[in-house]
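Count the sequence shown with full-length UniProt numbering and you get residues 1 to 154, in order. Beneath this line is the structure, given in structure tokens, with notes to follow.
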Amino acid sequence: MHIQRVVLNSRPGKNGEPTPEHFRLEETSLVSDLNDGEVIVRTLYLSVDPYMRCRLNEDSGSDYLAPWQLSECLDGGGVGVVETSHCSTCSEGDVVTSFNWPWQTHAIMKGSGLQKVDLQLTDGHLSYFLGAVGMPGVTALLGVREKGHVTKGA
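The following block contains the structure:
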């Protein structure tokens, strides 16, 4: 299967602004031989989040956040649909999400790293899983609740 993916072409520098020249769209092939527990997903939505800027640097400045390597496919939050499954927990047609979604049109992923999407939570707007219902929303909720100490009735 022929796919497209976005890779890091060059680094913008620690304080530089990322531009299209820092990225490259590549065409490649996806081997469709799946191991047990793997699925082929088709990408529907990708997330662009503020933390990703740190990953463009040679040193992300964080112990828990690895920088992207040159010519490496970018990754982040994503939503897609399972097209082929060799996994007992994912079926063809399932809509799934992950915080480690490769920026490519299709990908082979481990079913254990995917979470099924509850379509009722978004009223059909799957991109919500990359915003208010996803990692940015959870970050905001925890910030308000844990650091802001907001309580009911306050």
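Glycine included, every Cβ here is placed at the ideal spot set by N, Cα and C.
Is it true that the CB of V48 sits closer than 7 Å to the CB of R24?
no
Same chain, Cβ closer than 8 Å to P18, five either side skipped, listed in chain order
P12, R53, L56
Could you check where the beta strand (DSSP E) with residue 169 kicks off and where it finishes?
This structure gives no information on residue 169, because the portion of the chain shown stretches from 1 to 154.
Does the Cβ of A107 have 16 or more other Cβ atoms within 10 Å, making it buried, or fewer, making it exposed?
By the neighbour-count rule (16 or more Cβ atoms within 10 Å), A107 is buried.
Could you tell me which of G78, G93, G111 sits nearest to F99, measuring between CA atoms?
G78
Cβ distance (whole Å) where S91 is taken to contact V82 below 8 Å
7 Å
Given that a residue counts as buried once 16 or more other Cβ atoms are within 10 Å of its Cβ, and exposed if not, what is L121?
exposed
Looking at the secondary structure, which residues open and close the beta strand (DSSP E) in which T28 lies?
23-29
Three-state secondary structure (DSSP) of S62:
coil
Using the C-alpha atoms, what's the distance from H2 back to G111?
22 Å
Contact with chain D by L44, beta-carbon distance below 7 Å
Note that chain D does not occur in the displayed structure, where there is just one protein chain.
Could I get the ranges of all uninterrupted alpha helix (DSSP H) runs contained in the stretch 78-142, with 4 residues as the minimum, in chain order?
Along the length of the stretch 78-142, whole alpha helix (DSSP H) runs at least 4 residues long occupy 135-142, reported in chain order.
Three-pair Cβ contact test at 8 Å for the stretch 56-73 versus the stretch 130-137:
no
From V31 to Q4, what distance separates their C-alpha atoms?
13 Å
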